[in-house]
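Visitor:
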Amino acid sequence: MAVADKGARVHRACKVGFVVNSTEKNRRRTMSRLLCLSSFPILFPLPGGSCRTEIIQPSNLAAVIGADVTFQCEYSILDGNYDSVYWYLQRADQRLTCIHHTSQGTMESEHYQLSVNRELSSSTLTIKHVQPRDKATYYCALHSNQNFYFGRGTSLTVIPNITDPDPAVYQLKSPKSSKTSVCLFTDFDSEKKMPQSQEGTVIMSNGTVLDMRVMDSKSNGVLAWSNSTDFKCNSTFNEKFYSSSGEYFSCNATLIEKSFETDMNLNAHNLLVMGLRVLLLKVAGFNLFVTLRLWSR
1 MAVADKGARV
11 HRACKVGFVV
21 NSTEKNRRRT
31 MSRLLCLSSF
41 PILFPLPGGS
51 CRTEIIQPSN
61 LAAVIGADVT
71 FQCEYSILDG
81 NYDSVYWYLQ
91 RADQRLTCIH
101 HTSQGTMESE
111 HYQLSVNREL
121 SSSTLTIKHV
131 QPRDKATYYC
141 ALHSNQNFYF
151 GRGTSLTVIP
161 NITDPDPAVY
171 QLKSPKSSKT
181 SVCLFTDFDS
191 EKKMPQSQEG
201 TVIMSNGTVL
211 DMRVMDSKSN
221 GVLAWSNSTD
231 FKCNSTFNEK
241 FYSSSGEYFS
251 CNATLIEKSF
261 ETDMNLNAHN
271 LLVMGLRVLL
281 LKVAGFNLFV
291 TLRLWSR
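297 is the number that UniProt numbering gives the last residue of the sequence shown; the numbers go up by one with no jumps.
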């Protein structure tokens, strides 16, 4: 599932795009391969004057982990002559990386699919089974007359796929201060809209995702806190509520399931290793003692 930003402003390459001059003068096939294998650390602004190329890309796109997402790119060029359409990605604080390029038809790999339709002057890039590493800005570029013309790019936001949500609200209080009350809202669905606080004294954090790789699970979480005595967690978040007073649960380290038992084999192995170490120390000490006695004679 992919969600486009409807309010996003569409960028046009002829006004705010970029152009990268190509100095490669070999044959076109060899040049295309080299251009796709290379990366461009610096983008130069498109010079003023007549605008011959226009590239339109949406500025933002969002997709859920595991879903497919498709980037749209529409372009126009004055003489209608261009060599190929390139797609690049750029992660935060990294260089541009070429994904694929083609002059017509479809180019497909294990993770990407690039299509170019010359009749409609459009191109699409599809990412299969989106993963968190796919979060980046994706640029559509035209290679024409030894020049590269870039759009402003589409930023992809990857949304975690929270399955089997079990929303709950926990009230947290410090034993040293009874004035501040903190509410933890967790395990809610990714598409759930957060309530807007009407109290000026209530502060609410942005939603975050806790990735517990050891347990192979993810969880959404939001914090809200206030110094107001009237602040109530159960009224702020209309979900299952757990109070810190111990009415519903008690956080106590001694409340451990009785079924938990230590592995007896593990204990036996530990004792065996300790015994061998003690024996080794005794042997080493005896050898040292005998050696010193021999040297003393």
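Even for Gly, the Cβ is constructed at its ideal location relative to N, Cα and C.
For MET107, I'd like the list of residues in its chain whose CB is within less than 6 angstroms of its CB, leaving aside the five on either flank, ordered along the chain.
Guide: Here residue 107 is taken as the residue at index 107 of the sequence shown, counted from 1. Excluding residues within five positions, the ones whose Cβ falls inside 6 angstroms are HIS100, LEU114.
Visitor: Residues bridged to ASN117 by DSSP?
Guide: As a first step, residue 117 must be located in the sequence shown, where it is residue number 117. SER122.
Visitor: Find the nearest neighbour of ASN161 within the set TYR86, HIS111, GLY66, ASN270, judged by alpha-carbon distance.
Guide: Position 161 of the sequence shown, counted from the start, is the residue given in the question as residue 161. Of the candidates TYR86, HIS111, GLY66, ASN270, the one whose C-alpha sits nearest the C-alpha of ASN161 is GLY66.
Visitor: Run through DSSP, which three-state label would ASN270 get?
Guide: Stepping through the sequence shown from its first residue, residue 270 is reached at position 270. Helix, per DSSP.
Visitor: If you follow the beta strand (DSSP E) that ALA136 is part of, which residue opens it and which one closes it?
Guide: In the sequence shown, the residue the question calls residue 136 occupies position 136. That residue, ALA136, is in no beta strand (DSSP E); it is neither H nor E in DSSP.
Visitor: How far does the beta strand (DSSP E) with ASN147 in it extend, from its first residue to its last?
Guide: In the sequence shown, residue 147 corresponds to position 147, counting from 1. Taken as a continuous stretch (DSSP letters only), the beta strand (DSSP E) holding ASN147 covers 147-150.
Visitor: When you compare the CB positions of LEU142 and THR70, do they come within less than 8 angstroms of one another, or not?
Guide: Here residue 142 refers to the residue found at position 142 of the sequence shown. Here residue 70 refers to the residue found at position 70 of the sequence shown. No. Outside cutoff.
Visitor: Quick check on the burial criterion: 16 or more other C-beta atoms within 10 angstroms. Buried or exposed for LEU156?
Guide: Locating residue 156 in the sequence shown gives position 156, where the first residue counts as 1. Burial call: buried.
Visitor: Please classify LEU172: does DSSP put it in a helix, a strand, or coil?
Guide: Against the sequence shown, residue 172 aligns to sequence position 172. Residue state, collapsed to three classes: strand.
Visitor: Assuming contact is defined by CB atoms lying nearer than 8 angstroms, are SER121 and TYR86 in contact in what I supplied?
Guide: Translated into the one-based positions of the sequence shown, residue 121 becomes position 121. Translated into the one-based positions of the sequence shown, residue 86 becomes position 86. Their beta carbons are not under 8 angstroms apart, which means SER121 does not touch TYR86 by this criterion.
Visitor: If GLY153 and GLN57 are in contact, beta carbons under 8 angstroms, what's the gap, nearest whole angstrom?
Guide: Here the question's residue 153 lines up with position 153 in the sequence shown. Here the question's residue 57 lines up with position 57 in the sequence shown. That belief holds up - the Cβ atoms of GLY153 and GLN57 are roughly 6 angstroms apart, short of 8 angstroms.
Visitor: Give the DSSP bridge partners of GLU74, in chain order.
Guide: Reading the sequence shown from its first residue, position 74 is the one you call residue 74. According to DSSP, which records beta bridges pairwise, GLU74 is partnered with ILE56, SER122.
Visitor: Check ARG293 in the structure and name its three-state DSSP category.
Guide: As a position in the sequence shown, residue 293 is number 293, starting the count at 1. ARG293: helix per DSSP, three-state reduction.
Visitor: Closest to THR102 by C-alpha separation, out of VAL169, LEU125, LEU294, would be which residue?
Guide: Working through the sequence shown from its first residue, we reach residue 102 at position 102. The shortest C-alpha separation from THR102 is found at LEU125.
Visitor: Would you identify the three-state DSSP class for VAL283, choosing helix, strand or coil?
Guide: Stepping through the sequence shown from its first residue, residue 283 is reached at position 283. In the structure shown, VAL283 sits in a helix (DSSP, three-state: H, G or I).
Visitor: Could you tell me if ALA268 is buried or exposed, where buried requires 16 or more neighbouring beta carbons within 10 angstroms of its beta carbon?
Guide: In the sequence shown, the residue the question calls residue 268 occupies position 268. Exposed.
Visitor: What do you get for ASP134, buried or exposed, if any count of 16 or more other CB atoms within 10 angstroms of its CB means buried?
Guide: Against the sequence shown, residue 134 aligns to sequence position 134. The residue is buried, with at least 16 neighbouring Cβ atoms inside 10 Å.
Visitor: Taking VAL158 and ALA63 to be in contact with their CB atoms under 8 angstroms, please state how far apart those CB atoms are, rounded to whole angstroms.
Guide: By 1-based counting over the sequence shown, the position of residue 158 is 158. By 1-based counting over the sequence shown, the position of residue 63 is 63. Going by Cβ atoms, the distance from VAL158 to ALA63 rounds to 6 angstroms, so yes, they are a contact pair.
Visitor: Residues in its own chain within less than 6 angstroms of THR137 by CB, not counting five upstream and five downstream?
Guide: Position 137 of the sequence shown holds residue 137. Counting only Cβ-Cβ distances below 6 angstroms, and skipping sequence neighbours, we find GLN90, GLY153, SER155.
Visitor: Nearest by alpha-carbon distance to TYR170: which of VAL273, LEU276, GLY221 is it?
Guide: As a working mapping, residue 170 is identified with position 170 in the sequence shown. Selected option, being the one with the closest Cα: GLY221.
Visitor: Can you tell me which residues form a DSSP beta bridge with LEU142?
Guide: Here residue 142 refers to the residue found at position 142 of the sequence shown. Note: LEU142 sits in a beta bridge opposite VAL85, TYR149.
Visitor: Report the option in LEU96, TYR112, GLY151, PRO132 whose CA atom is closest to the CA atom of CYS73.
Guide: The sequence position of residue 73 within the sequence shown is 73, counting from 1. Among LEU96, TYR112, GLY151, PRO132, the Cα nearest to that of CYS73 is on GLY151.
Visitor: Which residue comes first and which comes last in the beta strand (DSSP E) that contains GLU108?
Guide: Walking along the sequence shown from the start, residue 108 turns up at place 108. Residues 105-108.
Visitor: Would SER123 and ASP83 be called neighbours here (beta carbons separated by less than 8 angstroms)?
Guide: Your numbering for residue 123 matches position 123 in the sequence shown. Your numbering for residue 83 matches position 83 in the sequence shown. Not in contact: SER123 and ASP83 (Cβ atoms no closer than 8 angstroms).
Visitor: I need the DSSP call for LYS25, collapsed to helix, strand or coil.
Guide: Taking the first residue of the sequence shown as 1, we reach residue 25 at position 25. Its pLDDT being 37, under 50, LYS25 is placed unreliably in this model, and the value from its coordinates should be taken loosely. In this structure, LYS25 counts as coil in the three-state DSSP scheme.
Visitor: Using only alpha-carbon positions, find the residue among TYR139, HIS129, ARG118 that is nearest to SER109.
Guide: The residue you call residue 109 lines up with position 109 of the sequence shown. Ranking TYR139, HIS129, ARG118 by Cα distance to SER109 puts HIS129 first.
Visitor: With a threshold of 8 angstroms between beta carbons, is ARG95 in contact with chain E?
Guide: The structure shown contains no chain E; it holds only a single protein chain.
Visitor: Helix, strand or coil for GLY221 per DSSP?
Guide: Residue 221 sits at position 221 when you count from the first residue of the sequence shown. Looking at GLY221 - three-state DSSP - the assignment turns out to be strand.
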